[in-house]
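In this text, residue positions in the sequence shown follow this note's numbering: the first is 3, and each later residue adds one.
No residue lacks a Cβ here, since even glycine has one placed at the ideal position from N, Cα and C.
Structure record follows, encoded as structure tokens.
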Amino acid sequence: MKIPKSLLVDPEKNSVYGAFAVAVSIWAFSYSVIFGQVLILAYYAVWLPLILVDYRRFLRQLSSAWLPLLFAAYICFSIFWSQAPGVTARTAVQYLSHIACAYVAARTVSVRTLTLGALVGIFFVMLYSLKVGAYSEDVLDGTYNFVGAFASKNQIGFVGSLGIYFSVVFLAFLRRGRLSFMLTVPVVLLSAYLLVISHSATSMASIPAVLALIALLAMTKLLSRRYRRVIFVVGAGLIVVVAFVALNLGLMDFVLGIFGKDSTLTGRTYLWEQGWNAAQRSPILGVGYAAYWVQGFAEAERLWNEFYITTRTGFHFHNTYVEALVELGFTGAVMISLIMLRTLFGHVSTVIFKAWQAESVVLFGVMVLLLIRSFVEVEVLNPYIMGSFLMYFSYFKLARLPVTRTRWSPAFEPADAPRGEPAWPRHAGRPATADQA
Numbered sequence: 003m004k005i006p007k008s009l010l011v012d013p014e015k016n017s018v019y020g021a022f023a024v025a026v027s028i029w030a031f032s033y034s035v036i037f038g039q040v041l042i043l044a045y046y047a048v049w050l051p052l053i054l055v056d057y058r059r060f061l062r063q064l065s066s067a068w069l070p071l072l073f074a075a076y077i078c079f080s081i082f083w084s085q086a087p088g089v090t091a092r093t094a095v096q097y098l099s100h101i102a103c104a105y106v107a108a109r110t111v112s113v114r115t116l117t118l119g120a121l122v123g124i125f126f127v128m129l130y131s132l133k134v135g136a137y138s139e140d141v142l143d144g145t146y147n148f149v150g151a152f153a154s155k156n157q158i159g160f161v162g163s164l165g166i167y168f169s170v171v172f173l174a175f176l177r178r179g180r181l182s183f184m185l186t187v188p189v190v191l192l193s194a195y196l197l198v199i200s201h202s203a204t205s206m207a208s209i210p211a212v213l214a215l216i217a218l219l220a221m222t223k224l225l226s227r228r229y230r231r232v233i234f235v236v237g238a239g240l241i242v243v244v245a246f247v248a249l250n251l252g253l254m255d256f257v258l259g260i261f262g263k264d265s266t267l268t269g270r271t272y273l274w275e276q277g278w279n280a281a282q283r284s285p286i287l288g289v290g291y292a293a294y295w296v297q298g299f300a301e302a303e304r305l306w307n308e309f310y311i312t313t314r315t316g317f318h319f320h321n322t323y324v325e326a327l328v329e330l331g332f333t334g335a336v337m338i339s340l341i342m343l344r345t346l347f348g349h350v351s352t353v354i355f356k357a358w359q360a361e362s363v364v365l366f367g368v369m370v371l372l373l374i375r376s377f378v379e380v381e382v383l384n385p386y387i388m389g390s391f392l393m394y395f396s397y398f399k400l401a402r403l404p405v406t407r408t409r410w411s412p413a414f415e416p417a418d419a420p421r422g423e424p425a426w427p428r429h430a431g432r433p434a435t436a437d438q439a
């Protein structure tokens with residue numbers, strides 16, 4: 003039995019396989035630490051073999067992926083100045099292959115299929131965490147939070163916020179029929195419940211802001227491009243003004259107080275200071291990718307001890323740009339910043355300055371969520387996590403590939419038909435000439 007290639011690689015026809023592949027990926031991102039390498043192999047198995055199915059699809063407009071490829075190459079070359087070259091080499095290859103999987107996904111999966119697969123995967127991830135039912139005490143702020151099968155309340159909070167986000171955008175832009183509403187309700191309810199009991203301030207603060215922004219972009223569909231541009235410029239200016247006022251009049255402390263946080267963000271500001279000091283020792287190139295948080299290194303051991311990280315793994319500076327400065331220097335920090343900004347501007351410019359597209363609205367919301375979280379979490383610098391997969395998927399979706407359609411040929415063409423003259427099936431006859439008419 004032969005399976006048509008379109009059922010695997012055509013975004014218009016592979017919704018079943020694509021949703022399955024996305025769901026498997028999300029399960030691997032969430033629980034590979036628990037179930038081991040078998041989930042990582044499953045993640046590779048659902049994406050990389052598609053290259054062999056239709057390699058021409060992935061070679062088309064490959065130059066549009068130059069920035070992520072350049073960043074991946076820089077990460078791999080950091081082995082030459084890394085203070086832990088073995089760790090850097092292994093993790094760099096993992097990150098490069100992770101980018102390759104996101105590239106394959108972007109070329110074969112539509113945004114609607116991504117959303118469907120994410121909803122399915124997130125639902126089962128949350129069910130398993132609910133079954134585990136683990137709670138953890140935060141020794142820094144004294145709270146007792148739900149972590150499920152994860153190691154951190156912020157991880158389960160991120161999953162919950164993604165569940166809410168994808169449910170809302172699916173119902174607003176991508177659903178087909180009433181059955182979609184019935185299938186989405188359980189995901190929304192479970193996501194909201196886990197988000198509340200996890201007490202993840204980052205997730206609870208970011209998701210309302212992102213949904214409000216998506217609602218504004220949805221309303222711009224009713225406006226012409228001219229008015230969209232005006233609203234975009236005015237709105238961007240208001241955001242800058244509000245941010246400036248919040249930082250200078252103490253409104254930021256008030257907002258943090260609502261979510262039970264102080265101005266130190268539960269010790270994050272101290273971590274940022276330590277990261278900045280570490281970055282000054284190698285400001286241009288950094289200490290090497292994934293080469294700072296290594297067991298046996300004095301600075302890493304000291305911070306693990308100060309923050310009560312007994313496992314001595316899975317810790318970071320809780321800021322994407324500080325982490326990039328330490329590991330990859332200003333060169334790497336600029337590259338990852340450019341990738342995020344290019345993706346953000348690419349999708350919002352499609353909505354504001356070109357034809358309004360729901361897919362760009364959905365991916366822009368994903369990038370805004372990742373941007374907000376990038377200041378307090380590290381979710382785009384590591385392999386095998388949802389944040390980096392979604393960022394690179396959104397980036398690669400900026401390349402608009404031409405749609406290939408099947409070219410139909412005549413059912414029958416006589417051998418004696420003159421070249422340049424259309425041939426007609428015998429049973430249909432030829433069109434009448436002027437004399438015959």
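Boundaries of the alpha helix (DSSP H) in which residue i is found, first to last residue
i	result
K321	Residue identity differs from the one stated: residue 321 is Asn in this sequence, not Lys. Premise fails: N321 is in no alpha helix (DSSP H) and is neither H nor E.
N307	300-308
L400	No alpha helix (DSSP H) holds L400; DSSP gives it neither H nor E.
W274	270-281
T204	203-221
I81	Neither: I81 is in no alpha helix (DSSP H) and is coded neither H nor E.
Y57	57-61
Own chain, CB closer than 6 Å to residue i, minus 5 neighbours either side, in chain order
i	result
R409	Per-residue confidence for R409 stands at a pLDDT of 41, beneath the threshold of 50, marking its modelled position as unreliable; the derived number appears in the next sentence. Here the set comprises nothing.
V113	E361, V364
L392	V368
F319	L273, G277, E325
L2	Shown here, the chain extends from 3 to 439; a query on residue 2 therefore has no answer.
F395	A104, A107, A108
Unbroken beta strand (DSSP E) run spanning residue i, endpoints
i	result
S138	137-139
Three-state class that DSSP yields for residue i in the structure shown
i	result
I374	helix
W49	helix
W68	helix
L192	helix
L226	One detail in the question is off: residue 226 reads as Ser in this sequence, not Leu. Coil, per DSSP.
Q39	helix
Y105	helix
P13	coil
A238	helix
G334	helix
H429	Confidence in H429 is poor, its pLDDT being 41 and thus under 50, which makes the residue's placement too unreliable to answer from.
E361	helix
P87	helix
G290	coil
Q297	coil
T312	coil
L383	coil
W29	helix
I77	helix
I5	coil
S284	coil
Same chain, Cβ closer than 7 Å to residue i, neighbours up to 5 away in sequence not counted
i	result
F73	M337, I338, I341
A21	T115, L118, G119, V122
F377	N321
Cβ-based neighbour list, residue i, same chain, cut-off 8 Å, excluding 5 preceding and 5 following
i	result
K4	none
L346	F366, M369, V370, L373
| said: I'd like the ranges of any alpha helix (DSSP H) spanning at least 4 consecutive residues and lying wholly in the segment 109-179. | reply: 113-134, 155-171
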